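Structure record follows, encoded as C-alpha cells.
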Amino acid sequence: CGFDPMSPARVPFSMKFFLVAITFLLFDLEIALLLPLPWALQTTNLPLMVMSSLLLIIILALSLAYEWLQKGLDWTE
C-alpha cells in the first residue's frame, strides 16, 4: 500500500500531459474572464461590452483552432 521507497526519486513525466494541462488552464482562464459579462452588459456602454466579449470569444476560438491544427490536442502519437 502506498509507494515503493526503493523506486527512483524521479519518475518519467509525460510532456504531452503537461502541454494538455497548460492548455486547459489557459482556456479555463479565458472562460473565467467571460463569467462577469452578464453584469457588464448592464452598463450604459453596451456596444463596447458586446465588442469586447466577441473579441474574447474570437481569440478563444482561434487559439483552439491553432491548437487543433498543430496537433496539440492529440494524445496519441
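Heads up, my numbering is the position in the sequence shown plus 391, with the first residue counted as 1.
All C-beta atoms, glycine included, are put in the ideal place defined by N, C-alpha and C.
The model shown is predicted, which means the values in this text are computed figures rather than measured ones.
query: What did DSSP end up calling Ser398 once you bin it into helix, strand or coil?; result: coil
query: How about Leu464 and Glu458: do their beta carbons lie closer than 8 Å?; result: yes
query: Using 8 Å as the Cβ pair cut-off and three pairs as the minimum, do the region 414-431 and the region 440-456 touch?; result: yes
query: What does a CB cutoff of less than 8 Å around Thr434 pick up in its chain, not counting 5 residues either side in sequence?; result: Met440
query: Whole angstroms is fine: what's the gap from Leu426's alpha carbon to Phe404's?; result: 33 Å
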